[in-house]
Each structure stands twice: as C-alpha cells, then as structure tokens.
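K.L.:
Dropping the structure in here first, questions after.
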Amino acid sequence: MLRLPAQKGVDRGELVDIFFFLGITLVSLIFITILRREYEEYAVLLSMIVGTMIVSRLIGRLMDLIGAFTYLAEKAQINADYLSIIFRVMGVAYVAGFGGEICRDANENTLALKLEMAGKIIILFMAVPVMVAILEMVLRIF
C-alpha cells in the first residue's frame, strides 16, 4: 500500500519486489544470452515477455500511486484535467520507451528512434492544453 509522505513506516514490499525483479531479470538474461546465439527472434520474444511480466506486476502499485496523486491534487485544488494529462503523458513516455528498447533488442535502432520520436510528438500535442493554461495565467498577471 502506498503511503503519503506524512505517514511513517517501512514497507518491506518494495525491497522484496526489487529482489524479485532482479532475480527474474538475471535468470532471463542468461536464457536470452544463450538464445541470442542461435535464435535471435526467440531472445527478443523472451525479453518482451519478461518486460511485460515486470510491468504487469507493477500495475497495482501504479494504481496506488495514481490514487495518491489524485488525493494530493484534490487537497491542493488542482484541476483534475491537468492531472489526467500528466498521467497520460507519463504513460505515452513509458510505452514509447519500452517499445523503443524492444526494438533495440531486435537490433532495429532506426525503428526505435522513430517510435520514440512519435511518442515525443504525441506528448507535445497532449501538453498543449496545459501550456495554454499556463500562458493564460501569465497574461492575467501582466
């Protein structure tokens, strides 16, 4: 469970999780290295599967994090639309980065760069409403 900064205590779950991820990653790395010698496509597939497993294991924690940020935004009276945009921007950034790394694992660097560029352009379009709101606030001050 995610605790807000005012709460005290240590959650050993984070430590257990990182060692779980480390173990899965190291074991997978051994298999991927062996597979890459003869079966490049299976090595990439295994890398994608392991990455997906790690991300899916983190979904619950991400939902807790979103809940905590939503709570803090409500307390600070921040427009929920802006918070939604921030979450979507973060999602696009992570998906584009994850996809880019998969492309690099398959030695497709050019494809990775194009996917990451697409992610950045999408993020720019998503951020326009926030930039407009900031400019409107600045113009009201002056």
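Here the sequence shown is numbered in this note's numbering, starting from -16 and rising by one per residue. Beta carbons: idealized from backbone N, C-alpha and C, even for Gly.
Looking only at its chain, what residues have a beta carbon closer than 6 Å to the beta carbon of G82, apart from the 5 residues adjacent to it on each side?
P.N.:
Residue mapping note: residue 82 aligns to position 99 of the sequence shown, counting from 1. L98, listed in sequence order.
K.L.:
With DSSP as the reference, label E91 as helix, strand or coil.
P.N.:
For the purposes of this step, residue 91 is identified with residue 108 of the sequence shown, where counting begins at 1. Note: E91 maps to coil in three-state DSSP.
K.L.:
I'd like to know whether the C-beta atoms of I37 and F70 end up nearer to each other than 8 Å.
P.N.:
What you label residue 37 is simply residue 54 of the sequence shown in a count that begins at 1. What you label residue 70 is simply residue 87 of the sequence shown in a count that begins at 1. In this structure, F70 does not lie closer than 8 Å to I37 by Cβ.
K.L.:
According to DSSP, is F14 part of a helix, a strand, or is it coil?
P.N.:
For the purposes of this step, residue 14 is identified with residue 31 of the sequence shown, where counting begins at 1. If DSSP states are grouped into helix, strand and coil, F14 belongs with the helices.
K.L.:
State yes or no: is the C-beta of I68 within less than 8 Å of the C-beta of A110?
P.N.:
Position 85 of the sequence shown holds residue 68. Position 127 of the sequence shown holds residue 110. The answer is yes: Cβ separation under 8 Å.
K.L.:
Taking 8 Å as the threshold (C-beta atoms), are L45 and A56 in contact?
P.N.:
Within the sequence shown, the letter at position 73 stands for residue 56. Within the sequence shown, the letter at position 62 stands for residue 45. It is not a contact, given that the beta carbons lie outside the stated cut-off.
K.L.:
Would V27 pass as a contact of T8 if the rule is Cβ separation under 8 Å?
P.N.:
Sequence index remark: in the sequence shown, residue 27 carries index 44 (1-based). Sequence index remark: in the sequence shown, residue 8 carries index 25 (1-based). It is not a contact, given that the beta carbons lie outside the stated cut-off.
K.L.:
For F81, name the three-state secondary structure that DSSP assigns.
P.N.:
Taking the sequence shown and counting its residues from 1, one reaches residue 81 at position 98. Here F81 sits in helix by DSSP.
K.L.:
Is A101 closer than 8 Å to A79 when the C-beta atoms are compared?
P.N.:
The count along the sequence shown starts at 1 and reaches residue 79 at position 96. The count along the sequence shown starts at 1 and reaches residue 101 at position 118. The Cβ-Cβ distance between A79 and A101 falls below 8 Å.
K.L.:
Mapping DSSP to helix, strand and coil, what is I49?
P.N.:
Start at 1 with the first residue of the sequence shown, and residue 49 comes out as number 66. Note: I49 maps to helix in three-state DSSP.
K.L.:
On the criterion of 16 or more Cβ atoms from any shown chain inside 10 Å, does S47 qualify as buried, or is it exposed?
P.N.:
Walking along the sequence shown from the start, residue 47 turns up at place 64. One detail in the question is off: residue 47 reads as Asp in this sequence, not Ser. So D47 counts as exposed.
K.L.:
Check the C-beta distance from S30 over to I15 and give it rounded, since I have them as a contact under 8 Å.
P.N.:
Sequence index remark: in the sequence shown, residue 30 carries index 47 (1-based). Sequence index remark: in the sequence shown, residue 15 carries index 32 (1-based). S30 to I15, Cβ: 6 Å. Contact.
K.L.:
Between the Cα of N126 and those of V121, I104, I124 and E23, spot the shortest distance and give me the residue it belongs to.
P.N.:
Because the chain here runs from -16 to 125, residue 126 falls outside it and cannot be looked at.
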